[in-house]
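Beneath this line is the structure, given in structure tokens, with notes to follow.
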Amino acid sequence: MLYLDANATTPPDPLVVEEMLPFLTQHYGNASASHAAGRRARRAIEKARGQVAKLISAEAEEIIFTSGATESINSVLAFAQQEWPQRPLLITSAVEHAAVVEGAERWEQRGGRVKRVPVDESGIPRPQALREALEPGLTALVSVIWANNETGVISPMAEMLAMAHEAGALVHADAVQMAGKVGIDVKTVPVDYLSLSGHKMHAPKGVGALFVSRHAPFRPLLIGGGQESGRRSGTENVPGIVAMGKAAELAVSWLAGGQAAEMTSLRDEFEQLLIDGWPGARVHGANAPRLPNTTSICLPGADAAGMLIVLDQRGIACSGGSACHTASLHPSHVLEAMGFEAAHAGSTLRFSMSRMNTRDEALSAAVEILRTAKHLAEQKGFLD
């Protein structure tokens, strides 16, 4: 299989699996226990906390382990609304992940107000629109996706953060797709909260992290056992946490080695083959800052739903949009926010590579994608 759906999930790195296995078999102690097995588990968690902190240039005590980014996001939104009822406004962008989209809807159901900042034709949230949306003294939280899961477009987080803080609002960054692909430094861009997911960076599913700045207030969503220094109750997923720590360590090394630039070059080569091979092909966000691994491309006349089926049969895994919401293909709210109609979205596919993909895989996939698109288009009479 040629796996080009890393933004949905990444294959676990063998080194990550090797690191976590002993904590599934030999070292199974509860980290809250006082005996030797428990202390071993606690040491492993704290080591992983430091590894994850290093990935985003945070302090270890600012990292809370969760079940995933969805829990992290829900924790921040629920806390902000409960903590400041006198500040009823939440601001997000029009291109958020489903966890924020539905979290914003719940915010409204609970009596709050939500403003959704529009994006430009490249999918970049408009900073001036954020400035106009902010209501000093009434805005509790600004929650913005840092790198879009569908297009890979990177938001101007530093600029938006400065505006929000000037208005007295706290800022949450959904950094799920950023982590391990582009450097993150919460000291340089001092967001108040930041969400991470293990399975988007070669760790297994079911583990994530929430960064809470030492300067930001926070009360837990989950209570009961007092784990994570009282900030997230529930017996820790020690194997998953160990795995996420190792994945973060590997990501730090990968980024330090300058390999993101190599991935960017490969992505560009892959995109150029598709553009040259298909009339009118369009890469979304092509002129915007983007993740080095992500290609969202419209192949006019190609049926994305049909292509997903045939490409799967031919051993190529990709996506027609966000795979995080449902298994079905549906019109992308991200593309709609960028000004594209449903027909355009119906001819759009997303390809997202990981560091495990080779150049030969990517280029052979491009050839097969074009072959498949042509075959399906000929069947429908789009091509002569």
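Counting from 1, one number per residue, gives the positions in the sequence shown under the UniProt record's numbering.
No residue lacks a Cβ here, since even glycine has one placed at the ideal position from N, Cα and C.
query = Taking His-172 as the reference, which of Ala-216, Gly-183, Pro-239 and His-199 has the closest Cα?
reply = The residue with the shortest Cα to Cα distance from His-172 is Ala-216.
Run of the alpha helix (DSSP H) containing Ala-374, from where it starts to where it stops = The amino acid at residue 374 is misidentified as Ala; the sequence shows Lys. Under the DSSP assignment, Lys-374 falls in the alpha helix (DSSP H) whose first and last residues are 359-379.
key: For Asp-174, the three-state DSSP class (helix, strand or coil)   = DSSP, reduced to helix, strand and coil, places Asp-174 within a strand of the structure shown.
task = Give a yes or no on whether the C-beta atoms belonging to Ala-6 and Val-176 are separated by under 8 Å.
result = No, the Cβ-Cβ distance between Ala-6 and Val-176 is not below 8 Å.
query = Contact check, Ile-73 vs Arg-232 under 8 Å by CB: the rounded distance?
reply = Ile-73 to Arg-232, Cβ: 13 Å. No contact.
ask   = Checking contacts by CB at 8 Å: is Ser-352 closer than that to chain C?
value = In summary, chain C is missing from the structure at hand, where a single protein chain is found.
query = Are the segment 136-150 and the segment 13-25 touching by the rule of at least three beta carbon pairs closer than 8 Å?
reply = Verdict: no, contact absent.
ask   = How many Å lie between Trp-254 and Arg-267 at the Cα?
value = Distance from the CA of Trp-254 to the CA of Arg-267, rounded to the nearest whole angstrom, comes to 17 Å.
message = What does the alpha-carbon distance come out to for the pair Asp-303 and Ala-365?
response = Straight-line Cα distance between these residues: approximately 17 Å.
CA-to-CA distance, Phe-351 to Thr-372, given in whole angstroms = Distance between the alpha carbons of Thr-372 and Phe-351: 15 Å.
task = Buried or exposed for Ser-322, please, with buried defined as at least 16 other CB atoms from any protein chain shown within 10 angstroms of its CB.
result = Low per-residue confidence applies at Ser-322: pLDDT is 48, beneath 50, and the placement is therefore not dependable, though the value from the model is reported in the following sentence. By the neighbour-count criterion, in which a residue is buried when 16 or more other Cβ atoms sit within 10 angstroms of its Cβ, Ser-322 is buried.
task = Jot down the residue ranges of each uninterrupted beta strand (DSSP E) in the segment 188-254, minimum 3 residues, whole runs only, in chain order.
result = Counting only runs of 3 or more residues that sit fully inside the segment 188-254, the beta strand (DSSP E) segments are 193-197 and 208-212, in chain order.
query = How far does the beta strand (DSSP E) with Ser-352 in it reach, from first residue to last?
reply = Per DSSP, Ser-352 belongs to the beta strand (DSSP E) from 348-352.
message = Please state whether the Cβ-Cβ distance between Ser-354 and Ala-345 is less than 8 Å.
response = Result no, Cβ atoms of Ser-354 and Ala-345 do not sit closer than 8 Å.
key: Closest by C-alpha distance to Leu-2, when choosing among Pro-85, Asp-312, Glu-341 and Thr-348   = Residue Asp-312 holds the alpha-carbon nearest to the alpha-carbon of Leu-2 among Pro-85, Asp-312, Glu-341 and Thr-348.
ask   = Are Val-114 and Ala-104 close, meaning C-beta to C-beta below 8 Å?
value = Cβ atoms of Val-114 and Ala-104: closer than 8 Å.
ask   = Taking the alpha-carbon positions, what's the Gly-123 to Gln-82 distance?
value = Straight-line Cα distance between these residues: approximately 31 Å.
query = Grouping DSSP H, G and I as helix and E and B as strand, with all else coil, what is Asp-384?
reply = With a pLDDT of only 45 at Asp-384, under the threshold of 50, the placement of this residue in the model should not be trusted; the figure read from the coordinates follows. Annotated three-state conformation of Asp-384 is coil, per DSSP.
ask   = Do Val-310 and Leu-363 have their CB atoms nearer than 8 Å?
value = Result no, Cβ atoms of Val-310 and Leu-363 do not sit closer than 8 Å.
inquiry  = Can you tell me whether Arg-267 is helix, strand or coil according to DSSP?
reply    = Reduced to three states, the DSSP call for Arg-267 is helix.
ask   = What distance in whole Å lies between the Cβ atoms of Ile-91 and Val-153, which are believed to be in contact at a cut-off of 8 Å?
value = Wrong, their Cβ atoms sit about 18 Å apart, outside the cutoff.
ask   = So, Leu-370 versus Gly-277, is the Cβ gap smaller than 8 Å?
value = Leu-370 is a Cβ neighbour of Gly-277, given a cutoff of 8 Å.
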